[in-house]
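Numbering (our numbering), first residue to last: 14 to 253.
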């Protein structure tokens, strides 16, 4: 759970460490930790919060420095506020769009945290696997955007050819193939677990053109998105 203070003051205590916080500060609360937080009596705080869970969350947090120090400050612009507003607006959407838009806000939040509060591990000491993990995390966090291999290389401050060679060596497939596979698997999940229209699903995995997405999906699976959904629904109905 990540709280962002929009006004006022208060204290946050975790692991026997006390932090005095105010507007622009944020703090991370993890399950199982002994914590205490309280608003200031004279200037009580107002804050927004997002609670997240899942197998990937610990990995994403590991790409930031929040596991070392669970507080941070950001007031350079309205970007963080906009992400929280994006999340809260998503919770008021109809069921079909709620999950997609809320997940997008969460991915935007972690992309923001990794970009602005990265793990301070020395770049010189990183091994190839560390770069691969960061590349994979970046792909997951930006799946709704039309990202390219060059963009990922720029983010990691690596030569594109070196990253491509390293990824193929460690994973066994090219980074471009991995990104395509990731998009297809996410599309499959959304097609079978939601009733979202194909154009919405296409947008959520980085395709602005639904027709191109349909061709791309059929090339990988042998089915159009609509046909794949129909087949999977029939399979699930028979199993029930």
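No residue lacks a Cβ here, since even glycine has one placed at the ideal position from N, Cα and C.
Worksheet entry | Burial state of residue 137, where buried means 16 or more other Cβ atoms lie within 10 Å | Note that residue 137 scores 44 on pLDDT, short of 50, meaning its location in the model is unreliable; the coordinates nonetheless yield the value given after this. Residue 137 is exposed by the Cβ-count criterion.
Discussion item. Less than 8 Å between the beta carbons of residue 193 and residue 211, yes or no?
Written reply: no
Worksheet item: What number of angstroms, rounded off, separates the C-alpha of residue 31 from the C-alpha of residue 150?
Response: 31 Å
Worksheet item: Considering only C-alpha positions, which residue in the set 116, 102 and 126 is nearest to residue 75?
Response: 126
Discussion item. Any contact between the region 14 to 34 and the region 82 to 94? By contact I mean 3 or more CB pairs, one from each, below 8 Å.
Written reply: yes
Item to complete: Could you have a look at residue 79 and say whether DSSP puts it in helix, strand or coil?
Response: For residue 79, the three-state secondary structure derived from DSSP is coil.
Discussion item. Three Cβ pairs or more, each shorter than 8 Å: is that satisfied between the region 113 to 121 and the region 88 to 105?
Written reply: Here the region 113 to 121 makes contact with the region 88 to 105; the two share three or more CB pairs at distances below 8 Å.
Fill in: DSSP-derived helix/strand/coil call for residue 32
strand
Worksheet item: Excluding sequence positions up to five away, which residues of its chain have a Cβ less than 7 Å from the Cβ of residue 130?
Response: 77, 78, 79 and 85
Fill in: Pairwise C-alpha distance: residue 88 and residue 135
With a pLDDT of only 39 at residue 135, under 50, the local geometry of the prediction cannot be trusted, and the value read off the model is given with reservation. One C-alpha to the other measures close to 26 Å.
Discussion item. One question on the structure: do residue 181 and residue 219 come within less than 8 Å of each other, judged by their Cβ atoms?
Written reply: no
Item to complete: Round the Cβ separation of residue 204 and residue 164 to the nearest angstrom and send it over; I've been treating them as touching at under 8 Å.
Response: Going by Cβ atoms, the distance from residue 204 to residue 164 rounds to 26 Å, so no, they are not a contact pair.
Worksheet entry | Collapsed DSSP secondary structure at residue 25 in the structure displayed | Strand, per DSSP.
Fill in: N- and C-terminal bounds of the beta strand (DSSP E) containing residue 41
38 to 41
Worksheet item: Pairing CB atoms from the region 15 to 26 with CB atoms from the region 43 to 59, are three or more of them under 8 Å?
Response: yes
Item to complete: Label residue 221 either buried or exposed according to how many other C-beta atoms from any shown protein chain fall within 10 Å of its C-beta, with 16 as the threshold for buried.
Response: exposed
Worksheet entry | Outcome for residue 90 when other beta-carbon atoms lying within 10 angstroms are tallied against a minimum of 16 | exposed
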